[in-house]
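*Asks:* Quick one: the structure is below, questions incoming.
In mature numbering (1 follows the signal peptide of the UniProt record, and there is no 0), the protein residues as written are -26 to -1, 1 to 278.
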């Protein structure tokens, strides 16, 4: 498959991998079920596969995978309205632009913006007749106008945001508002809830930087933010590590680090974010006891 048509997904792993599903009229489309099996990676023309040479991915039936570009330090991708792919590079301090090529070749790779702090999440939006890029850049959120593979009019929406720990900001734009995550500095220390601004939150501000305020709290590391078609905001949340056993039961393991429990708990969640929501971190954790499908979970208090 080629990255330039619908049905393609870009996966950032330092190398850019293009994952493709069968198109209409082809083999049966992959579903949620079914076994995974190794699929050899192909390589786009002119691309150095690097560490991916000769490797495979475990995929469901009908899926393919191709090494499409080599972008050292690739972090987050986002498509532009004109069909190019933006990639942030984190410690590489740049925003890279990949322009698809014809004939099965890899894209042209150019630096769209350099000298950044630690670029992570990218949002692309169209406002008042112009395309804009919004970038989470460690302690700040910056924006540019975008047209024809170039950026202009760089401005800072917010600055002075807290750093350390989970400080990789992922912005999303809806209307004239940018929503963003402020991850925790620690694994499970309540001190993060006492700072200004409070950590472990989802917040919002106008694209002009005004009206910055908290939307939801207790969100340890909500680095995956996206709006559903109905306007609902969702967050993919990385929960705490090394979770102590939270049950006072006949195992006698309350408050202990039990590998079998830690391996499965607490589950990382995809959660609906509504104004005023409190998701509990670090005072309580999702409880999967008795849940077969891991939806609408209850919570159990954190040992302490």
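Backbone N, C-alpha and C define an ideal beta-carbon position, used for all residues, glycine too.
Bear in mind that the values here come from a model prediction, so they are computed numbers and not experimental data.
1. Is the stretch 162 to 172 touching the stretch 109 to 119 in the sense that three or more CB pairs, one from each, lie closer than 8 Å?
2. Ignore the nearest five residues each way along the sequence and tell me which others in residue 85's own chain have a CB closer than 8 Å to its CB.
3. State the Cα-Cα distance for the pair residue -9 and residue 47, rounded to the nearest angstrom.
4. Is residue 5 buried or exposed, if buried means 16 or more other CB atoms sit within 10 Å of its CB?
5. For residue 295, which beta-bridge partners are listed by DSSP?
6. Looking at residue 34: is its Cβ nearer than 9 Å to the Cβ of residue 64?
7. Is DSSP giving residue 143 helix, strand or coil here?
8. Just to confirm the assignment, what range does the beta strand (DSSP E) spanning residue 165 have?
9. What separation, rounded to the nearest whole angstrom, lies between the Cα atoms of residue 158 and residue 210?
10. Among the residues of its own chain, which have a CB less than 6 Å from the CB of residue 2, if the five just before and after it don't count?
11. Any heavy atom of the ligand COA closer than 8 Å to the CB of residue 106?
12. Based on Cα-Cα distance, which residue from 131, 21 and 243 lies nearest to residue 192?
13. Applying the criterion that 16 or more other CB atoms from any shown protein chain within 10 Å of the CB defines a buried residue, is residue 225 buried or exposed?
14. Within a Cβ cutoff of 8 Å, which residues of the same chain sit near residue 216, ignoring the five residues on either side of it in sequence?
15. Who are the Cβ neighbours of residue 93 in its own chain at under 6 Å, not counting the five residues just before and after it?
16. Determine the extent of the beta strand (DSSP E) in which residue 228 is found, giving its start and end residues.
17. What's the gap between the Cα of residue 203 and the Cα of residue -12?
18. So for residue 235, helix, strand or coil by DSSP?
19. For the putative contact between residue 81 and residue 43, defined by C-beta atoms under 8 Å, what is the C-beta separation to the nearest angstrom?
20. Helix, strand or coil for residue 76 per DSSP?
21. In three-state DSSP terms, what is residue 177?
22. Return the first residue and the last residue of the beta strand (DSSP E) that residue 150 is part of.
23. Can you tell me the Cβ-Cβ gap for residue 145 and residue 97, rounded? I've got them flagged as a contact below 8 Å.
24. Just to confirm before moving on: does the CB-CB distance between residue 186 and residue 174 stay below 9 Å?
25. DSSP on residue 293, reduced to helix/strand/coil?
*Replies:* The structure says:
1. no
2. 68, 69, 70 and 71
3. 17 Å
4. With a pLDDT of only 47 at residue 5, under 50, the local geometry of the prediction cannot be trusted, and the value read off the model is given with reservation. Label assigned to residue 5: exposed.
5. With the chain covering only -26 through 278, there is no way to say anything about residue 295.
6. no
7. coil
8. Run containing residue 165: none; DSSP gives neither H nor E here.
9. 14 Å
10. Note that residue 2 scores 47 on pLDDT, short of 50, meaning its location in the model is unreliable; the coordinates nonetheless yield the value given after this. Same-chain partners within the cutoff: there are none.
11. Looking for the ligand COA in the displayed structure turns up nothing, as the structure carries no ligands at all.
12. 243
13. exposed
14. 161, 231 and 236
15. 62, 69, 109 and 111
16. Note, residue 228: premise wrong, no beta strand (DSSP E); not H, not E.
17. 30 Å
18. helix
19. 5 Å
20. coil
21. strand
22. Here residue 150 belongs to no beta strand (DSSP E), and DSSP marks it neither H nor E.
23. 5 Å
24. no
25. Look at the range of the chain in this structure, -26 to 278, and you will see that residue 293 is not part of it.
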